[in-house]
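Beneath this line is the structure, given in structure tokens, with notes to follow.
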């Protein structure tokens, strides 16, 4: 009697067509409900942009998540696009 084993790995991009619709179905709701938190570290001022860039490349850095450079605190008014 012969014995054998089969091992199959997967590549993430191979699964995109299969699961992309589920991603857009569930993930936005999870984020809105707070069930899928994300971390952001804000840094004030454009003068800190170079250090923020370096921090994104440093492994094991104490700053996690998305590093954001806040250039200005302004409120933006978005006007809806008028369809003709």
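Residue numbers (the numbering used here): 89 to 172. We put the beta carbon where it would ideally sit given N, CA and C, even for glycine. Predicted, not measured: the structure shown is a model, and the values here were computed from it.
Close CB contacts of residue 155 within its chain, under the 6 Å cut and outside five residues either way in sequence, are with 129, 140, 143, 144 (chain order).
The beta carbons of residue 134 and residue 115 sit about 32 Å from each other, so the pair does not count as a contact at 8 Å. Of the candidates 161, 126, 162, 132, 126 places its Cα closest to the Cα of residue 153.
Following the DSSP letters along the chain, one finds residue 155 inside the beta strand (DSSP E) bounded by residues 154–158. The beta-carbon distance between residue 124 and residue 118, rounded to whole angstroms, is 4 Å. This is short enough to meet the 8 Å contact definition.
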